[in-house]
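Chains as they are written, first to last, in our numbering: chain A, 1 to 198; chain B, 199 to 570.
Structure (structure tokens):
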């Protein structure tokens, strides 16, 4: 056997993390073993603690410590505006911009039949429930501009339009400060397709 | 010379230098090429075609021999890299054993590997190209896909969208068949497929109708005035517009669910190549097929020159032995008129009468390249 059993177990657990291959998993495992016991305990506690105390916000399905998250319970946020994102980390990206004052809805994935992900695996029912009150004015679809992200947006648009809510999709185009010469051609192409009059 | 009209219509691509690191049998190589004809001479299995392959990879991101990435990395190496100096810019591509390939221009990394396409166009001609006539329809689709992708970002995007949406739809058809998803979930994939699919069909048939005219002109020069060559795009169903395609996908849906695959759309189309009005696939002789392929390759050059305003480099891999004397002359004259050419051959005898001051000869033996 290459690794003693406890080490092998640690490596195989680390390997399951996104972006961690067999080599990184080994490196991380050896690093952890070399750390003071106190530090390792803190890491283990932090993992368990976060998993135990974080739950999904009942409204937006983002991660939250309370049953309603900080954003959804903030009276300064506009609940009539919902920005739909694929993953919880996308909320952080948009919040960093510090401009959007509406609320979010996290789907926890995108449609991907190849990976066995259909609409029922996404938090779509929860989104429809939020629209029932009739107080939502606009739903912004902010899934990634990939085949799966676009298909998910298309699916949601078809589902939401009959309800009578305004449905919009984030624009695709040139990155600000970007150089035309180095833009990838697909981005440049969509920047042309979605150009607007100034 | 009849090619005068094409001459100087476009800017010729020139590979000034090529640098290979751990690419096939080359550990570390730097070659300085000539502006026009470059002859790569040496016995078989010494690395002549590998050099042409490296040029095709940096030009199209793919091997013209259809080789997998791993096969191109030198045994025992972690990655392989190719760099080319084009005079006004330097482009590079790195192919790692694990992880993603990446491309560079100058010192900067390009956002995506596909952004390399069209920066240094090449047209390769090897014996495997005979499949264009005698092979399965997939050969002919691959031919148009690769070619149009080199000059159209729109085509490339539609092509990758179509391919991925098709994989999703086929996966979903199987999930509907075994009851794990509802048939109406297919709607969004039908829509995605029909939008990108209609673009593919429109651009493929547009390109082919122009190529057909050019190929026929070339064919008449090669085979005489009375044998006409034509290329026609053949749809597998009647859907022309995106709306037609949606309707067709819906119509085929029950059957598609049963077999778990999509039975209409551009991934089932073909190109009919006619020599003298008859299907070349069924009726052409070996000689006729070769002439037809050669005419198509030269027409590709013409298309680039006249429509895109650029002259691709021509890569001729061991096809000289297959051509008769007049055709050899024709190819070399055409290519010398047009731009930079790379020719592999086992000996000089077949080509030495075409050498000019601007030709450069390289002797290749066991992974080393010696300029004569």
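The beta-carbon is built from N, C-alpha and C at its ideal position, and this holds for glycine as well.
Run through chain A and tell me which residues come within less than 7 Å of residue i, C-beta to C-beta.
{"i": "residue 313 (chain B)", "result": "184, 185"}
{"i": "residue 379 (chain B)", "result": "118"}
{"i": "residue 310 (chain B)", "result": "184"}
Does any residue of chain A bring its CB to less than 8 Å from the CB of residue i?
{"i": "residue 452 (chain B)", "result": "no"}
{"i": "residue 567 (chain B)", "result": "no"}
{"i": "residue 214 (chain B)", "result": "no"}
{"i": "residue 319 (chain B)", "result": "no"}
{"i": "residue 373 (chain B)", "result": "yes"}
{"i": "residue 359 (chain B)", "result": "yes"}
{"i": "residue 366 (chain B)", "result": "yes"}
Roughly how many angstroms separate the alpha carbons of residue i and residue j, rounded to a whole number?
{"i": "residue 524 (chain B)", "j": "residue 223 (chain B)", "result": "34 Å"}
{"i": "residue 563 (chain B)", "j": "residue 194 (chain A)", "result": "54 Å"}
{"i": "residue 457 (chain B)", "j": "residue 361 (chain B)", "result": "19 Å"}
{"i": "residue 283 (chain B)", "j": "residue 366 (chain B)", "result": "40 Å"}
{"i": "residue 358 (chain B)", "j": "residue 145 (chain A)", "result": "13 Å"}
{"i": "residue 293 (chain B)", "j": "residue 436 (chain B)", "result": "41 Å"}
{"i": "residue 43 (chain A)", "j": "residue 53 (chain A)", "result": "15 Å"}
{"i": "residue 254 (chain B)", "j": "residue 98 (chain A)", "result": "47 Å"}
{"i": "residue 36 (chain A)", "j": "residue 19 (chain A)", "result": "26 Å"}
{"i": "residue 313 (chain B)", "j": "residue 287 (chain B)", "result": "14 Å"}
{"i": "residue 116 (chain A)", "j": "residue 453 (chain B)", "result": "21 Å"}
{"i": "residue 202 (chain A)", "j": "residue 462 (chain B)", "result": "There is simply no residue 202 (chain A) to check, as chain A begins at 1 and stops at 198 in what is shown."}
{"i": "residue 189 (chain B)", "j": "residue 174 (chain A)", "result": "This structure cannot settle anything about residue 189 (chain B), because the visible part of chain B is limited to 199 through 570."}
{"i": "residue 119 (chain A)", "j": "residue 157 (chain A)", "result": "13 Å"}
{"i": "residue 489 (chain B)", "j": "residue 535 (chain B)", "result": "20 Å"}
{"i": "residue 65 (chain A)", "j": "residue 91 (chain A)", "result": "16 Å"}
{"i": "residue 378 (chain B)", "j": "residue 114 (chain A)", "result": "13 Å"}
{"i": "residue 565 (chain B)", "j": "residue 12 (chain A)", "result": "42 Å"}
{"i": "residue 246 (chain B)", "j": "residue 301 (chain B)", "result": "24 Å"}
{"i": "residue 151 (chain A)", "j": "residue 386 (chain B)", "result": "6 Å"}
{"i": "residue 229 (chain B)", "j": "residue 306 (chain B)", "result": "23 Å"}
{"i": "residue 256 (chain B)", "j": "residue 7 (chain A)", "result": "43 Å"}
{"i": "residue 291 (chain B)", "j": "residue 249 (chain B)", "result": "15 Å"}
I'd like to know if residue i contacts chain B, where contact means its C-beta is closer than 8 Å to some C-beta of that chain.
{"i": "residue 110 (chain A)", "result": "no"}
{"i": "residue 113 (chain A)", "result": "yes"}
{"i": "residue 39 (chain A)", "result": "no"}
{"i": "residue 139 (chain A)", "result": "no"}
{"i": "residue 151 (chain A)", "result": "yes"}
{"i": "residue 155 (chain A)", "result": "yes"}
{"i": "residue 20 (chain A)", "result": "no"}
{"i": "residue 147 (chain A)", "result": "yes"}
From the DSSP output, in three-state form, read off residue i for me.
{"i": "residue 571 (chain B)", "result": "This structure does not reach residue 571 (chain B), given that chain B is present from 199 up to 570, and the question cannot be answered."}
{"i": "residue 570 (chain B)", "result": "coil"}
{"i": "residue 560 (chain B)", "result": "strand"}
{"i": "residue 4 (chain A)", "result": "coil"}
{"i": "residue 203 (chain A)", "result": "Since the first residue of chain A shown is 1 and the last is 198, residue 203 (chain A) is not available in this structure."}
{"i": "residue 224 (chain B)", "result": "strand"}
{"i": "residue 501 (chain B)", "result": "helix"}
{"i": "residue 549 (chain B)", "result": "coil"}
{"i": "residue 428 (chain B)", "result": "strand"}
{"i": "residue 212 (chain B)", "result": "coil"}
{"i": "residue 100 (chain A)", "result": "coil"}
{"i": "residue 483 (chain B)", "result": "coil"}
{"i": "residue 508 (chain B)", "result": "strand"}
{"i": "residue 460 (chain B)", "result": "coil"}
{"i": "residue 476 (chain B)", "result": "strand"}
{"i": "residue 468 (chain B)", "result": "strand"}
{"i": "residue 219 (chain B)", "result": "strand"}
Which chain B residues sit within Cβ distance under 7 Å of residue i?
{"i": "residue 119 (chain A)", "result": "383"}
{"i": "residue 189 (chain A)", "result": "351, 352, 355"}
Could you name the residues of chain A that residue i contacts, counting a contact when the two beta carbons are closer than 9 Å?
{"i": "residue 369 (chain B)", "result": "112, 113, 114, 115, 116"}
{"i": "residue 476 (chain B)", "result": "Those within 9 Å of residue 476 (chain B) in chain A number zero; the least Cβ separation is about 40 Å."}
{"i": "residue 362 (chain B)", "result": "114, 146, 147, 148"}
{"i": "residue 345 (chain B)", "result": "Neighbours of residue 345 (chain B) on chain A: none; closest Cβ ~16 Å, over 9 Å."}
Residue i versus chain B: which residues are under 9 Å apart at the beta carbon?
{"i": "residue 167 (chain A)", "result": "Ordered by position in chain B, no residue passes the 9 Å Cβ test against residue 167 (chain A), which lies about 14 Å from the chain."}
Could you work out which residues of chain A lie near residue i, taking near to mean beta carbons separated by less than 8 Å?
{"i": "residue 299 (chain B)", "result": "Under the 8 Å cutoff, chain A gives no residues; its nearest Cβ is about 15 Å from residue 299 (chain B)."}
{"i": "residue 387 (chain B)", "result": "113, 151"}
{"i": "residue 390 (chain B)", "result": "147, 150, 151, 154"}
{"i": "residue 306 (chain B)", "result": "182"}
key: Length-filtered (3 minimum) beta strand (DSSP E) runs lying within the segment 20-90 of chain A   = 78-85
task = Within the segment 341-426 of chain B, note down every full beta strand (DSSP E) run reaching 3 residues or more, in order along the chain.
result = none
task = Would you list, in sequence order, the uninterrupted alpha helix (DSSP H) runs of no fewer than 4 residues that lie entirely inside the segment 111-172 of chain A?
result = 124-131, 147-160
inquiry  = Just to confirm the assignment: which complete beta strand (DSSP E) runs, minimum length 3, are found wholly within the segment 227-307 of chain B?
reply    = 235-239, 277-283, 288-294, 300-303
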